[in-house]
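Peer 1:
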Amino acid sequence: MELIFEKSMEGRQQSILPACDVPIYLPSQTRETLPKLPQLTENELSRHYTALAKRTFGVNDGFYPLGSCTMKYNPKINDEMASLPGFASIHPLQPAHTVEGCLEVMTLAQQFLAEITGMDGVTLQPAAGAHGEFTGMMLIKAYHESRGDDKRKKIIVPDSAHGTNPASATMAGFEVVNIPSAGDGCVDLDALRRVCQDDTAGLMLTNPNTLGLFDPHILEITRIVHDAGGICYYDGANLNAIMGIVRPGDMGFDCVHVNLHKSFSTPHGGGGPGSGPVGCKAFLQPFLPNSIVEQEKRANQDLSIGKVRSFYGNFLVIVRALTYMLTLGREGIPAVAYHAVLHANYMMAQLKEMFPVAYDRPCMHEFVLDLSSIKQKTGVSALDVAKGLQDVGIHPPTMYFPLIVQEALMVEPTETESKETMDEAVEAFKKVYETIQKEPHLLRQAPYKGVISRPDEVTAARKPRIHYFYDK
Amino acid sequence: MHYPEQLKYVKTHEWIRFLDETTAQIGITDYAQDTLGDLVFVNLPEEGDEVTAGEAFGDVESVKAASDVISPVSGRVKSVNIELADNPGAINEDAYGAWFITVDNITDTDELFDAEAYAALVEEEKSRT
């Protein structure tokens, strides 16, 4: 397929801007040569992007069981609400009395998210999950510092954690202490007790964990951390499994982020944009960014960690998430979690006949297959199976995560798929499984039906070609 | 999977080949390369850098994951196998030929295992996962 630069024709243009009717002011530092932008008509441009879109795969194309990402269907009513002019055509510096509706949207979203997570205050600023984690880490840091407790420099992270956890803690200036998981895939309580000391700033944890298992010792875990003077941070990436049923706040967590682009059905991937609101208990509230819609001005505003993003975050994503919450209501939110867990167990029960599960017990919203034994016997790796699944029409599951499972495939069907879709997906897995048994070598080269065949990842990483030169 | 007798190993899956008492080559083991899968990137220190036993001196990236490479010894980087940067696949082909760095002025070492003890360690790790 031609690049947009290759389609460019000197002199082609589109007249979408009206003639300028105000005096033209050019700053003194104007460039001497025009940038070499592609020149196309609107028609050509539109076809180019449509052609690109046809080569992608999204939730609107088919089953997308990307574990840990909660690729649920995004209801169209969300977009309809977000395109209302009263939401879409505003400016963040407009006088407050002209955007009362928008303030109400944010207030409600804050309230609902606080209720679902069991927190007291919420900031809508963070623009992604990892950004939320970083914000949470900054809150924890500010809290300890405000008490003059400057020994607390360490954040405990289990080895099964999302990679963003240690990254966010490090970005916030903490030292990360990694603890190994116990034999059942959950937190090793003894290992946790050993590292919980007076230099512990806090713990980052997701529950259910990245194996899709609910940690039954969660109350004990948060108590151990609290007893040592640490703060418990909940990574909300897996909230879809529990929302409306149990609350991180009731598990003993003090601070949490929520991925609106996962559990709350806003666009995910392709730039989203994402949104990762952060909730916290009352004792952390003074440290939240000040851009919060509140009835009364907060006391101690100078304790705030400051802004983590401009204005109020990705506002139109908040509109979509609020639409989703209002559509579901108090009964619908827990129904999401029930069905997400039911669907994952339905698929796991069938797939484990072919592919061993890493931890064989009822799962929450996702589960992890371990293909180590298959790789040993047949040479077919998790990567090969992921590529092979593309040929049978489904998006591959997450692969090689969590890191504690060697040949991991992590499957998360989400609640928005029908039984028929899941049955078809199981059939697709079965086809790949049969190929492994009969002609395993075929999978080494898969996919065969894609727009491109297996990419040479080493060359792509070593010698990426990401420039276009007109003269070549 | 093999672990040559003449090398020493550490539990973070690096091997060490002593050239004399205070000079040694360092690389990652066959088990490490096999677990990581096809390597696409290697980040190496520079000659003259100090390395510390138990701390990272570089990192490797595969199609699966990025991972620190931990130094089994404290000392000074005498030379760097710069060819690995252009051909990280060499580590997958021959983990014990593909040395990362040579360290001299070695003052301290981490807990070292011989081939047999290291093989047992790997088996234990495999059975855990």
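If you read the sequences in order, they're chains A and B.
Going by the numbering used here, the first sequence opens with residue 1, and the numbers climb by one from there.
Going by the numbering used here, the second sequence opens with residue 473, and the numbers climb by one from there.
Glycine included, every Cβ here is placed at the ideal spot set by N, Cα and C.
Which residues does DSSP list as the beta-bridge partners of G279 (chain A)?
Peer 2: Locating residue 279 (chain A) in the first sequence gives position 279, counting from the first residue. Partner(s): A:V122, A:V256.
Peer 1: Determine the contact status of S181 (chain A) and S160 (chain A), defining contact as a CB-CB distance below 7 Å.
Peer 2: For the purposes of this step, residue 181 (chain A) is taken as the residue at position 181 of the first sequence. For the purposes of this step, residue 160 (chain A) is taken as the residue at position 160 of the first sequence. Yes, these two residues count as a Cβ contact at 7 Å.
Peer 1: Keeping to the same chain, check which residues put their C-beta closer than 8 Å to that of S68 (chain A); ignore five residues upstream and five downstream.
Peer 2: As a first step, residue 68 (chain A) must be located in the first sequence, where it is residue number 68. Excluding residues within five positions, the ones whose Cβ falls inside 8 Å are H162, T210, A237, N238, E366, T398, F401, M410, E412.
Peer 1: Along chain B, in chain order, which residues have C-beta atoms closer than 8 Å to that of E457 (chain A)?
Peer 2: The sequence position of residue 457 (chain A) within the first sequence is 457, counting from 1. Here the neighbours are D510, V512, V535.
Peer 1: With 8 Å as the C-beta to C-beta threshold (strictly closer), list the residues of the stretch 555–567 of chain B near chain A in chain order.
Peer 2: Cβ contacts with chain A come from D558, P560, G561.
Peer 1: Could you say which of A:L403, A:G379, A:S418, A:Y448 lies nearest to I436 (chain A) if we only look at CA atoms?
Peer 2: Counting from one through the first sequence, the residue named residue 436 (chain A) turns up at place 436. Closest by alpha carbon: A:G379.
Peer 1: Note the first and the last residue of the continuous beta strand (DSSP E) segment covering M410 (chain A).
Peer 2: Residue 410 (chain A) sits at position 410 when you count from the first residue of the first sequence. M410 (chain A) -> beta strand (DSSP E) spans 408–411.
Peer 1: Return the chain-ordered ranges of every beta strand (DSSP E) run that is complete within the stretch 482–512 of chain B and spans a minimum of 3 residues.
Peer 2: Listed in chain order, the complete beta strand (DSSP E) runs (minimum 3 residues) inside the stretch 482–512 of chain B are 486–492, 495–500.
Peer 1: Please report the distance separating the alpha-carbon of I333 (chain A) from that of G393 (chain A).
Peer 2: Within the first sequence, the letter at position 333 stands for residue 333 (chain A). Within the first sequence, the letter at position 393 stands for residue 393 (chain A). I333 (chain A) and G393 (chain A): Cα-Cα distance of roughly 30 Å.
Peer 1: Can you say whether R247 (chain A) is buried or exposed, counting buried as having 16 or more other CB atoms within 10 angstroms of its CB?
Peer 2: Residue numbering aside, residue 247 (chain A) sits at position 247 when the first sequence is read from its first letter. Counting Cβ neighbours within 10 Å, R247 (chain A) comes out buried, since at least 16 surround it.
Peer 1: Is any beta-carbon of chain B found at less than 7 Å from that of Y400 (chain A)?
Peer 2: Here residue 400 (chain A) refers to the residue found at position 400 when the first sequence is read from its first residue. Closer than 7 Å to some Cβ of chain B, the Cβ of Y400 (chain A) qualifies, so yes.
Peer 1: By the criterion of Cβ-Cβ separation under 7 Å, what are the contact partners of T507 (chain B) in chain A?
Peer 2: For the purposes of this step, residue 507 (chain B) is taken as residue 35 along the second sequence, with counting starting at 1. Going along chain A in sequence order, the residues near T507 (chain B) (Cβ under 7 Å) are Q406.
Peer 1: Between M119 (chain A) and G279 (chain A), is the Cβ-Cβ spacing less than 7 Å?
Peer 2: Sequence index remark: in the first sequence, residue 119 (chain A) carries index 119 (1-based). Sequence index remark: in the first sequence, residue 279 (chain A) carries index 279 (1-based). Closer than 7 Å, so yes.
Peer 1: In chain order, which continuous runs of the alpha helix (DSSP H) of length 4 or greater are located wholly inside the stretch 157–240 of chain A?
Peer 2: DSSP runs (the alpha helix (DSSP H)) wholly in the stretch 157–240 of chain A: 164–171, 189–195, 218–227.
Peer 1: Going by alpha carbons, who is nearest to L516 (chain B) out of B:T494, B:E477, B:Q497, B:F572?
Peer 2: Here residue 516 (chain B) refers to the residue found at position 44 when the second sequence is read from its first residue. Selected option, being the one with the closest Cα: B:F572.
Peer 1: Let me make sure I understand the geometry here. Which of A:I374, A:H343, A:P277 has the alpha-carbon closest to that of A130 (chain A)?
Peer 2: Numbered from its first residue, the first sequence carries residue 130 (chain A) at position 130. For A130 (chain A), the nearest C-alpha among the options comes from A:P277.
Peer 1: Which first and last residues belong to the beta strand (DSSP E) in which S146 (chain A) is found?
Peer 2: In the first sequence, counting from the first residue as 1, residue 146 (chain A) sits at position 146. Premise fails: S146 (chain A) lies in the alpha helix (DSSP H), 129–146, not in any beta strand (DSSP E).
Peer 1: Just reading off the alpha helix (DSSP H) that G425 (chain A) is part of, what are its end residues?
Peer 2: Position 425 of the first sequence, counting from 1, holds the residue named residue 425 (chain A). The sequence given here has Ala at residue 425 (chain A), not Gly. 419–438 is the span of the alpha helix (DSSP H), which, as asked, contains A425 (chain A).
Peer 1: Would you please verify whether the beta carbon of A19 (chain A) is less than 7 Å from any beta carbon of chain B?
Peer 2: Indexing the first sequence from 1 puts residue 19 (chain A) at position 19. No, because no Cβ of chain B sits closer than 7 Å to the Cβ of A19 (chain A).
Peer 1: In whole angstroms, what separates the C-alpha of N300 (chain A) from that of V256 (chain A)?
Peer 2: If you number the first sequence from 1, residue 300 (chain A) lands on position 300. If you number the first sequence from 1, residue 256 (chain A) lands on position 256. So the two alpha carbons sit approximately 22 Å from each other.
Peer 1: What span of residues does the beta strand (DSSP E) with N577 (chain B) cover, start to end?
Peer 2: Within the second sequence, residue 577 (chain B) is the residue found at index 105, counting from 1. Unbroken beta strand (DSSP E) run through N577 (chain B): 573–581.
Peer 1: Using DSSP with H/G/I as helix, E/B as strand and the rest coil, what is N43 (chain A)?
Peer 2: Indexing the first sequence from 1 puts residue 43 (chain A) at position 43. N43 (chain A): helix per DSSP, three-state reduction.
Peer 1: Pick out whichever of B:E527, B:V575, B:A538 has its Cα sitting closest to the Cα of N553 (chain B).
Peer 2: Along the second sequence, read from residue 1 onward, the residue named residue 553 (chain B) stands at position 81. Here the closest residue by C-alpha is B:V575.
Peer 1: For E555 (chain B), does the three-state DSSP call read helix, strand or coil?
Peer 2: By one-based count along the second sequence, residue 555 (chain B) stands at place 83. Of the three classes helix, strand and coil, the one that applies to E555 (chain B) here is helix, per DSSP.
Peer 1: Please list the terminal residues of the continuous alpha helix (DSSP H) segment that includes S373 (chain A).
Peer 2: For the purposes of this step, residue 373 (chain A) is taken as residue 373 along the first sequence, with counting starting at 1. Run containing S373 (chain A): 372–378, per the alpha helix (DSSP H) assignment.
Peer 1: Here's the rule I'm using: 16 or more other beta-carbon atoms within 10 Å means buried, otherwise exposed. How should M473 (chain B) be labelled?
Peer 2: Taking the second sequence and counting its residues from 1, the one referred to as residue 473 (chain B) is at position 1. Answer is exposed; the Cβ neighbour count stays below 16.
Peer 1: Please tell me whether T200 (chain A) and G173 (chain A) are closer than 7 Å, where the distance is taken between their beta carbons.
Peer 2: Along the first sequence, read from residue 1 onward, the residue named residue 200 (chain A) stands at position 200. Along the first sequence, read from residue 1 onward, the residue named residue 173 (chain A) stands at position 173. Taking 7 Å as the Cβ cut-off, T200 (chain A) and G173 (chain A) do not qualify as a contacting pair.
Peer 1: Please report how far the alpha carbon of Y49 (chain A) lies from the alpha carbon of R55 (chain A), in whole angstroms.
Peer 2: Translated into the one-based positions of the first sequence, residue 49 (chain A) becomes position 49. Translated into the one-based positions of the first sequence, residue 55 (chain A) becomes position 55. Those two C-alpha atoms are separated by around 10 Å.
Peer 1: Which same chain residues, not among the five before or five after V220 (chain A), have their C-beta less than 8 Å away from its C-beta?
Peer 2: The count along the first sequence starts at 1 and reaches residue 220 (chain A) at position 220. Sequence check: residue 220 (chain A) is Glu here, not Val. L189, listed in sequence order.
Peer 1: Identify the residues that DSSP records as bridge partners of A528 (chain B): which are they?
Peer 2: Here residue 528 (chain B) refers to the residue found at position 56 of the second sequence. Answer is B:I542.
Peer 1: Using the beta-carbon of each residue, which ones in chain B are nearer than 8 Å to A461 (chain A)?
Peer 2: As a position in the first sequence, residue 461 (chain A) is number 461, starting the count at 1. Within 8 Å Cβ-Cβ: V512, F513, E533.
Peer 1: Could you work out which residue in A:K387, A:I179, A:S15, A:P362 is closest to L443 (chain A) when comparing CA atoms only?
Peer 2: Stepping through the first sequence from its first residue, residue 443 (chain A) is reached at position 443. It is A:K387.
Peer 1: Taking Cβ to Cβ, would you say Q29 (chain A) is nearer than 7 Å to R12 (chain A)?
Peer 2: Against the first sequence, residue 29 (chain A) aligns to sequence position 29. Against the first sequence, residue 12 (chain A) aligns to sequence position 12. No, the Cβ-Cβ distance between Q29 (chain A) and R12 (chain A) is not below 7 Å.
Peer 1: Check the Cβ-Cβ distances between L213 (chain A) and every residue of chain B, and say whether any is below 7 Å.
Peer 2: Here the question's residue 213 (chain A) lines up with position 213 in the first sequence. False, the Cβ-Cβ gap to chain B never drops below 7 Å.
Peer 1: Mapping DSSP to helix, strand and coil, what is L593 (chain B)?
Peer 2: Residue mapping note: residue 593 (chain B) aligns to position 121 of the second sequence, counting from 1. The answer is helix: DSSP assigns L593 (chain B) an H, G or I state.
Peer 1: Hey, is L369 (chain A)'s beta-carbon within less than 7 Å of any beta-carbon in chain B?
Peer 2: The sequence position of residue 369 (chain A) within the first sequence is 369, counting from 1. By this cut-off, L369 (chain A) is not an interface position.
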